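Heads up, the thing below is written out as structure tokens.
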Amino acid sequence: MHELPVTESILEIALRHAQAAQAARVTDIYLVIGQLASIVDDSVQFYWDMISADTIAAGAQLHFKRIPAEMLCLDCGKGYQPGEGELACPVCGGRHVKVVSGEEFRMEAIEVESAEEVRAREEREQG
Amino acid sequence: MKERVQVVENILSANDRLARENRAHLDRHGVFGLNLMASPGAGKTSLIERTLSSLKDELRVGVVDGDVATNIDADRAAAAGAIAVQINTGGECHLDAVMLHGALEQMNLAELDLLIVENVGNLICPASFALGTHASVLIASVPEGDDKPYKYPAMYRGVEALVVNKIDLQPYVDFDLEYFQAGVEMLNPGLVTFPLSCRTGEGLGAWLEWVRAGLKEVQQE
Chain A
8 MHELPVTESI LEIALRHAQA AQAARVTDIY LVIGQLASIV DDSVQFYWDM
58 ISADTIAAGA QLHFKRIPAE MLCLDCGKGY QPGEGELACP VCGGRHVKVV
108 SGEEFRMEAI EVESAEEVRA REEREQG
Chain B
2 MKERVQVVEN ILSANDRLAR ENRAHLDRHG VFGLNLMASP GAGKTSLIER
52 TLSSLKDELR VGVVDGDVAT NIDADRAAAA GAIAVQINTG GECHLDAVML
102 HGALEQMNLA ELDLLIVENV GNLICPASFA LGTHASVLIA SVPEGDDKPY
152 KYPAMYRGVE ALVVNKIDLQ PYVDFDLEYF QAGVEMLNPG LVTFPLSCRT
202 GEGLGAWLEW VRAGLKEVQQ E
């Protein structure tokens, strides 16, 4: 389980980009994670709630976009998702293949609010 | 109104940056760095002992041992003639570039030719964290079973060499070498593979030659 260091990295990147955009609050974080990357969404969310608590990203919503593992058969040109215990091409049985997706592990974007927006929203919320 | 800020950054970019620093540090001193990864019991420490006893008259070898606790592995490496540093990860399941950075600060790289990093025994997490070594080596072993490439694809994707240890046990276990190798070939085409036995010494020669060739390459650059 290495979700804690991963979550710390997510926080560091989000805060750095929020600061560069002179934002007062981070509301949403968009992550793209391939199926081959061994990360458990719930664990990241659990650590996130703890480590983001005293930052401008506290309570931000984490969005996980999962990318399935996709392989391409270089013999017949067919794209496919590998099965359990099998990586070869299901169409022609080819073993001349390559992994084309499923290893993504990046932060795509964040959504932020400026200081005025935070103030305006808080006033609205107070009625 | 929320504003969307494009990021498009690898989540482990901070680790990757520090890994590049580690690499530059090794390169400056002409030290060939190896990151050994495997499940617990595959033979990481045995391969290090074998490598040390074979190369100790020609190369100066340092070993960084990552473990959740205990100094057993570093003690074994030191007994075999290496300058050894133990990193206790305190529960963390892998080594990362920060931990290796700390270990390198405790070593005088000018006194070394080869640095072997023994990662924490684990077939999942270590693959995600670059250390800055020149090559990652996965040690599989025959008794673990032939399905490991299919179950832990990420581990087989990110390595530059594969050692298949304990080949002397092949007559006693169900290990379909062809099925195993087919999986490896599909995940990492052309991966250089060393079938060997740390117990009998069979096949070690080719592995040692590969280590020597890697060092030569680093020292020429």
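Residue numbers (our numbering), protein chains in the order written: chain A, 8 to 134; chain B, 2 to 222. Heads up, the beta-carbon is just placed ideally off N, CA and C, and yes, glycines get one too. Note that the structure is predicted; figures quoted are calculated from it, not measured.
At a cut-off of 7 angstroms between beta carbons, residue 57 of chain B makes no contact with chain A. The C-alpha of residue 197 of chain B lies about 33 angstroms from the C-alpha of residue 108 of chain A. Comparing C-alpha distances from residue 190 of chain B to each of A:81, A:118, A:134, A:86 shows the shortest one belongs to A:81. A check of alpha carbon separations from residue 202 of chain B across B:29, B:54, B:7, B:5 identifies B:54 as the nearest. Look at residue 176 of chain B here: in three-state DSSP terms it is coil, with no helix or strand label. Between the stretch 9-21 of chain B and the stretch 154-171 of chain B there are fewer than three inter-stretch CB-CB distances shorter than 8 angstroms, so the stretches are not counted as touching. Residue 10 of chain A and residue 25 of chain B have their C-alpha atoms spaced approximately 28 angstroms apart.
A direct Cα-Cα distance of roughly 5 angstroms separates residue 142 of chain B from residue 165 of chain B. The stretch 110-129 of chain A makes no contact with the stretch 94-108 of chain B, as fewer than three CB pairs between them are under 8 angstroms. Rounded to whole angstroms, the gap between the alpha carbons of residue 117 of chain A and residue 58 of chain A is 17 angstroms. In the structure shown, residue 142 of chain B adopts extended strand secondary structure according to DSSP, grouped into three states. For the stretch 110-129 of chain A, the beta-carbon criterion of a distance under 8 angstroms to any beta-carbon of chain B is satisfied by 110, 112, 113, 114, 115, 116, 117, 118, 119, 120, 121, 124.
In this structure, B:157 is the residue among B:157, B:34, B:45, B:214 with its C-alpha nearest to the C-alpha of residue 184 of chain B.
Given a length threshold of 4 residues, each whole run of the alpha helix (DSSP H) inside the stretch 24-110 of chain B is given here in chain order: 45-56, 73-80, 98-106. According to DSSP, residue pairing for residue 162 of chain B in a beta bridge involves B:138, B:193.
Listed along chain A, the residues sitting closer than 9 angstroms to residue 97 of chain B by beta-carbon distance are 9, 12. Apart from the 5 residues on each side of it in sequence, residue 20 of chain A sits with its Cβ closer than 8 angstroms to the Cβ of 114 in its chain, given in chain order. Shown in chain order are the members of the stretch 81-100 of chain A whose Cβ falls below 9 angstroms from a Cβ of chain B: 89, 91, 92, 93, 94, 95. 7 angstroms or more divides the Cβ of residue 115 of chain B from the Cβ of residue 209 of chain B. With a contact defined as Cβ atoms closer than 8 angstroms, residue 61 of chain B and residue 112 of chain B qualify at about 6 angstroms. Leaving aside the five residues that flank residue 63 of chain A on each side, the residues in its chain whose CB is nearer than 8 angstroms to its CB run, in chain order, 22, 25, 30, 31, 32, 33.
Here the alpha carbon of residue 74 of chain B sits roughly 6 angstroms from the alpha carbon of residue 46 of chain B. Taking 7 angstroms as the cut-off, the Cβ atoms of residue 111 of chain A and residue 39 of chain A count as close. Using a CB distance cut-off of 7 angstroms, residue 59 of chain A does not count as an interface residue toward chain B. Take residue 83 of chain A, set aside five residues on each side of it, and the residues of its chain with a beta-carbon closer than 8 angstroms to its own are 96, 98, 99, 101, in chain order.
In its chain, beyond the 5 residues on either side, 47, 167, 169 have a beta carbon closer than 8 angstroms to the beta carbon of residue 200 of chain B.
Classified as buried, residue 181 of chain B has 16 or more neighbouring CB atoms from the shown chains inside 10 Å of its CB. Ranked by Cα distance from residue 13 of chain A, the options A:52, A:27, A:35, A:43 are led by A:52.
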